[in-house]
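S.K.: Sharing a structure below in structure tokens format, with a few things to ask.
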Amino acid sequence: SPELLEEGRRAYALDREHVFHSWVAQGSFDPMVVTRAEGSHVWDGEGRRLIDFSSQMVNTNIGHQHPRVVEAIQEQARTLCTIAPAHVNPARSEAARLIAELAPGDLNHVFFTNAGADAVEHAIRMARLHTGRRKVLSAYRSYHGGTELAVNVTGDPRRFANDVGDAGVARFMPAYPYRSYFHSSSPGEETERALRHLEDTILLEGPDTLAALILESIPGTAGIYVPPPGYMAGVRALTRKYGIVYIADEVMAGFGRSGRWFSVDHWDVEPDLMTFAKGVTSGYVPLGGVAISEAIYETFRERPYPGGLTYSGHPLACATAVATIGAMRDEGMVEHAAWLGENVFGPGLAEIAERHRSVGETRGLGCFWAVELVKNRETREPLAPYGGSSSAMGEVVGAVKAGGVLPFANYNRIHVAPPLNISEEVARRGLEILDAALEVADRHAD
Ligand code: PLP
11 SPELLEEGRR AYALDREHVF HSWVAQGSFD PMVVTRAEGS HVWDGEGRRL IDFSSQMVNT
71 NIGHQHPRVV EAIQEQARTL CTIAPAHVNP ARSEAARLIA ELAPGDLNHV FFTNAGADAV
131 EHAIRMARLH TGRRKVLSAY RSYHGGTELA VNVTGDPRRF ANDVGDAGVA RFMPAYPYRS
191 YFHSSSPGEE TERALRHLED TILLEGPDTL AALILESIPG TAGIYVPPPG YMAGVRALTR
251 KYGIVYIADE VMAGFGRSGR WFSVDHWDVE PDLMTFAKGV TSGYVPLGGV AISEAIYETF
311 RERPYPGGLT YSGHPLACAT AVATIGAMRD EGMVEHAAWL GENVFGPGLA EIAERHRSVG
371 ETRGLGCFWA VELVKNRETR EPLAPYGGSS SAMGEVVGAV KAGGVLPFAN YNRIHVAPPL
431 NISEEVARRG LEILDAALEV ADRHAD
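So the sequence shown is numbered by the UniProt record's numbering: it starts at 11 and just counts up by one.
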């Protein structure tokens, strides 16, 4: 409607005047207006409908405006908007019960945070106190959040501005078959060499100095590079061997994203601590947390935990989590995501890769896929440098959007991460649009 368009224009002008945005140079930033969103679609400032292949920040796992969850938020707001973390609240108790039930292994206790970064901060604090050690091991090509410590354990270039080397972080090369740091020529070789490198790193850093190892179960923004067979089990075994707390970061990869409730479930790995956020509420109300094993819980049975937040276990957020998990379960969304991965995204993206010389590799699971764009398939030179952008990538993203799909783009990659309940038809339509838009990328590839 004209009123909606006008509202969007006014919002844009005020945004540019007063809103300070994340990660970008403020002056040249040209954000998209969104006036409405429903299910797997968003409408831009001109009233054009786009298929949301980003799930925004890869968090609206149940799509936009799911009626059951909107209703639950309204109901909780009518009942009790907020209460201090120290008081018992039914929404919080139920959210914790559900998360403990779904989480792998004996992660039976939940500390609630506001989002992912503070979940990472608290998981590391718990690991340090539990072990009496200080340093944290994290992978290059990873993302763990924007707060001081979380951005320092991050292994992507976004940490550079805050990384002065004093955060107590030691890094290792991840297993990443397409761009192997170990010159391996098969997934099996990658696993073996990456694990040997990890053990060497642990020994060279000094096992007794290492409190925790933090690893995204499937690295998300860093490239959705699915670990090769045996890698995750190997990481778990090494952390056990050296008494290092293993923190699985499931902030992006969890809550059904990859077709299992948590991505570690693909490899039957049981972490000591697990961070979550995003999909737990489908982003409708901010919430994150740490799921805690019995052994680490024991450390804090008699000894006070030195940490807390005004909004730990906020009732509005916890009621949202309960309704989100309920909707996901009742509507079989996790199973649907797995089905889409196997039957639509996997084969569909493989066909796209065959048709376009700019596509170096497509990979993923469930509703969590990456299309890696390259200038040359032999050399694998990326279409934008690691940590940077290029006019070619800008053109590709522009073409995808112009076709009617909102993608998640990072450096030289387009990610396909729609809501888990996207219909097969809309998913296929989105792939067709992506396919057509990649003609633009091909022009920049040999
Ligand atoms: N960990 C992972 C794997 C993430 O993808 C993110 C955010 O993208 C975070 C942590 C940080 O979460 P938040 O932005 O909610 O603080």
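Glycine included, C-beta positions come from ideal geometry on N, C-alpha and C.
(1) Using a threshold of 7 Å, state whether the C-beta atoms of residue 112 and residue 268 are closer than that.
(2) Under the criterion of a Cβ to heavy atom distance below 6 Å, does residue 16 qualify as lining the ligand PLP?
(3) Apart from the five residues on each side of it in sequence, which residues of its chain come closer than 6 Å, Cβ to Cβ, to residue 328?
(4) Do residue 121 and residue 298 count as a contact pair if the criterion is CB distance below 7 Å?
(5) Taking the alpha-carbon positions, what's the residue 191 to residue 219 distance?
(6) For residue 242, which beta-bridge partners are listed by DSSP?
(7) Assuming residue 247 and residue 291 form a contact by the criterion Cβ under 8 Å, report the distance between their Cβ atoms to the nearest whole angstrom.
(8) Quick one, which of 323, 360 and 344 has its alpha-carbon nearest residue 90's?
(9) Quick check: the segment 337-349 against the segment 260-276, are there 3 or more CB pairs under 8 Å?
(10) Compute the distance between the beta-carbons of residue 185 and residue 241, then report whether it is under 7 Å.
(11) Going by Cα to Cα distance, which pick from 201, 236, 273 and 286 is closest to residue 245?
(12) Which stretch, first to last residue, makes up the beta strand (DSSP E) that contains residue 121?
(13) Going by other Cβ atoms of all chains shown within 10 Å of its Cβ, with 16 needed for buried, is residue 270 buried or exposed?
(14) Any idea what DSSP makes of residue 259, helix, strand or coil?
(15) If you draw a straight line from the alpha carbon of residue 51 to that of residue 114, how long is it in whole angstroms?
(16) Going straight from the alpha carbon of residue 385 to that of residue 88, what length do you get?
(17) For residue 46, report the span of its beta strand (DSSP E) as first-last.
(18) Report buried or exposed for residue 30, applying the criterion of at least 16 other Cβ atoms within 10 angstroms of its Cβ.
(19) Hey, out of 135, 157 and 153, whose CA is closest to residue 167's CA?
(20) For residue 67 and residue 425, I'd like the C-alpha separation in whole angstroms.
(21) Only counting the same chain, and skipping five residues up and downstream in sequence, which positions put a Cβ closer than 7 Å to that of residue 420?
(22) For the beta strand (DSSP E) holding residue 222, just list the boundary residues, first then last.
(23) Answer yes or no: the CB of residue 155 versus the heavy atoms of the ligand PLP, is any distance below 6 Å?
(24) Which one of 170, 437, 146 and 42 has the shortest CA to CA distance from residue 352?
(25) Just list the residues that DSSP pairs residue 145 with in beta bridges.
(26) Quick check on residue 275: buried or exposed, where buried means 16 or more other Cβ atoms within 10 Å of its Cβ?
(27) Which residue or residues does DSSP assign as beta-bridge partners of residue 380?
(28) Regarding residue 398 and the ligand PLP, is the C-beta to nearest heavy atom distance less than 6 Å?
(29) Nearest to residue 134 by CA position, among 387, 258, 407 and 58, is which residue?
(30) With respect to 6 Å, is the separation between the Cβ of residue 230 and the closest non-hydrogen atom of the ligand PLP below this value?
(31) Any heavy atom of the ligand PLP closer than 6 Å to the beta-carbon of residue 259?
(32) Between the Cα of residue 128 and those of 325, 335 and 159, spot the shortest distance and give me the residue it belongs to.
(33) Which same chain residues end up closer than 7 Å to residue 116 when comparing Cβ atoms and leaving out the 5 residues on each side of it in sequence?
(34) What are the boundary residues of the beta strand (DSSP E) that residue 285 is part of?
M.R.: To lay it out plainly:
(1) no
(2) no
(3) 101, 102 and 105
(4) no
(5) 25 Å
(6) Answer is none; residue 242 lacks a bridge partner.
(7) Incorrect: roughly 33 Å between the Cβ atoms, too far for contact.
(8) 323
(9) yes
(10) yes
(11) 201
(12) 117-123
(13) buried
(14) strand
(15) 32 Å
(16) 55 Å
(17) 44-48
(18) exposed
(19) 153
(20) 11 Å
(21) 231
(22) 220-226
(23) yes
(24) 437
(25) 220
(26) buried
(27) 373 and 425
(28) no
(29) 258
(30) yes
(31) yes
(32) 159
(33) 303 and 304
(34) 283-286
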